[in-house]
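The sequence shown lines up with residues 1 to 227 when you count with full-length UniProt numbering.
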Amino acid sequence: MSADPQGKHKILFLHGKGENAKTFRARLRRLEDALVEKKGDAVSLEFVTAPHLIGSDDKYAWWNLPPNQRSFTASEYIGMDETFKMIEKTWMEKGPFDAVVGHSQGAILITVLLSRALLRDFSFKPAKAILFGAAWPNPFDGELNQLAAMDLATSSYSPQTLHVYAMNDNINPPEMAKRIEKLLGPKASPGSTSRVTISPWTTSPSPSSARSSSTDMDRFQLPSRVL
């Protein structure tokens, strides 16, 4: 059921590091066309740009990292307060959203946001989420371990999630995505979590190519199931 009073299905898209709303939307043009063809005016897609500029080439990130660190090794994400405020502002002004789709750093961000929504009173509560090439958000390891100890089946909020990752991903190791899948899946309500494993990609899987590269993704029928 749509969260919009006008009956529109709203989907929020969170790009990966080094992109912005415009470039991410361009890469997902085929998906957007399929959604519009199927749902027409009943679907609304919202692409947002992360708050932190990287260099001067119109590339952005949801957080910055200490030198020589990765998102799954760093002890802190620099600039997360601004990101949380931006997401909450987007949710209040443009949402609420029925679903959220994230790629790479955007997918990691979704993991953090969902954990907060499950652990505390947090406005970000999409019914469904799709995570492409996620990694474990190491600075939030304590929160995620707290979530792992909970019985999510009894939670009043139980989002459905789809986890997409490449077995040969050399950016975000697939073991990280599997760990997130396990965190959000086994203790949730039956059928709440799905997985698509894509091979032989050697980089982080992207929404733009996943659907044409995997018969499993075709069976999932992203345009209809995301709503």
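Note that beta-carbon positions come from the ideal geometry of N, C-alpha and C, so glycine has one too.
(message) To the nearest angstrom, how far is the alpha carbon of Thr49 from that of Met80?
(response) Translated into positions along the sequence shown, residue 49 becomes position 49. Translated into positions along the sequence shown, residue 80 becomes position 80. Their Cα atoms are separated by approximately 14 Å.
(request) Check each candidate in Pro173, Leu114 and Tyr77 and name the one with the smallest Cα separation from Ser155. (result) For the purposes of this step, residue 155 is taken as the residue at position 155 of the sequence shown. Minimum Cα-Cα distance from Ser155 among the listed residues Pro173, Leu114 and Tyr77 corresponds to Leu114.
(message) For a quick check, are the C-beta atoms of Trp91 and Ser123 less than 7 Å apart?
(response) If you number the sequence shown from 1, residue 91 lands on position 91. If you number the sequence shown from 1, residue 123 lands on position 123. In contact: Trp91 and Ser123 (Cβ atoms closer than 7 Å).
(request) Let me know the secondary structure DSSP gives Gln69 once reduced to three states. (result) Position 69 of the sequence shown, counting from 1, holds the residue named residue 69. Coil, per DSSP.
(request) Let me know if Met176 comes out buried or exposed under the rule of 16 or more other beta-carbons within 10 Å of its beta-carbon. (result) Taking the first residue of the sequence shown as 1, we reach residue 176 at position 176. Classification of Met176: buried, given that the 10 Å Cβ count is 16 or more.
(message) I need the DSSP call for Glu19, collapsed to helix, strand or coil.
(response) The count along the sequence shown starts at 1 and reaches residue 19 at position 19. Three-state result, Glu19: strand.
(request) Please state whether DSSP places Phe24 in a helix, a strand or coil. (result) In the sequence shown, residue 24 corresponds to position 24, counting from 1. Correct three-state label for Phe24: helix.
(request) Pull up the distance between the alpha-carbon of Leu45 and that of Leu184, whole angstroms please. (result) As a first step, residue 45 is located in the sequence shown; it is residue number 45 there, counting from the start. As a first step, residue 184 is located in the sequence shown; it is residue number 184 there, counting from the start. It is roughly 24 Å from the alpha-carbon of Leu45 to the alpha-carbon of Leu184.
(request) Use the C-beta contact count for Ala26: other C-beta atoms within 10 angstroms, 16 or more gives buried, fewer gives exposed. (result) Working through the sequence shown from its first residue, we reach residue 26 at position 26. It is exposed - the Cβ of Ala26 has fewer than 16 other Cβ atoms within 10 Å.
(request) Would you be able to state if there are at least three C-beta pairs under 8 Å between the stretch 28 to 42 and the stretch 124 to 138? (result) Counting C-beta pairs with one atom in each stretch, the stretch 124 to 138 and the stretch 28 to 42 have fewer than three that are closer than 8 Å, which means they do not touch.
(request) Verify whether the separation of the beta carbon atoms of Ala127 and Ile110 is less than 7 Å. (result) As a working mapping, residue 127 is identified with position 127 in the sequence shown. As a working mapping, residue 110 is identified with position 110 in the sequence shown. Not a contact, by the Cβ cut-off of 7 Å.
(request) Report buried or exposed for Tyr157, applying the criterion of at least 16 other Cβ atoms within 10 angstroms of its Cβ. (result) The residue labelled residue 157 in the question sits at position 157 within the sequence shown. Within 10 angstroms of the beta-carbon of Tyr157 lie fewer than 16 other beta-carbons, which makes it exposed.
(message) On the criterion of 16 or more Cβ atoms from any shown chain inside 10 Å, does Pro66 qualify as buried, or is it exposed?
(response) In the sequence shown, counting from the first residue as 1, residue 66 sits at position 66. Counting Cβ neighbours within 10 Å, Pro66 comes out exposed, since fewer than 16 surround it.
(message) Between the alpha carbons of Lys85 and Ser56, how many angstroms are there, rounded?
(response) Here residue 85 corresponds to residue number 85 of the sequence shown, with the count starting at 1. Here residue 56 corresponds to residue number 56 of the sequence shown, with the count starting at 1. Approximately 23 Å between the Cα atoms of the pair.
(message) Quick check: His163 and Gly106, are their CB atoms within less than 7 Å of each other?
(response) Translated into positions along the sequence shown, residue 163 becomes position 163. Translated into positions along the sequence shown, residue 106 becomes position 106. No.
(request) State the Cα-Cα distance for the pair Lys89 and Glu82, rounded to the nearest angstrom. (result) Numbered from 1 along the sequence shown, position 89 holds the residue referred to as residue 89. Numbered from 1 along the sequence shown, position 82 holds the residue referred to as residue 82. Looking at the two C-alpha atoms, the distance is approximately 10 Å.
(request) Identify the continuous alpha helix (DSSP H) that holds Gly133 and give its terminal residues. (result) Stepping through the sequence shown from its first residue, residue 133 is reached at position 133. From DSSP, Gly133 is part of no alpha helix (DSSP H); its letter is neither H nor E.
(message) Below 6 Å, is the gap between the Cβ of Lys178 and the nearest heavy atom of the ligand NAP?
(response) Summarising the ligand content, the structure contains no ligands, and the ligand NAP is consequently not present.
(message) Only counting the same chain, and skipping five residues up and downstream in sequence, which positions put a Cβ closer than 8 Å to that of Arg116?
(response) If you number the sequence shown from 1, residue 116 lands on position 116. Hits under 8 Å: Phe122, Phe124 and Glu143.
(message) Residues in the same chain with beta-carbon distance under 6 Å from Lys94, minus the five sequence neighbours each way, listed in chain order, please.
(response) Your numbering for residue 94 matches position 94 in the sequence shown. Around Lys94: Glu46.
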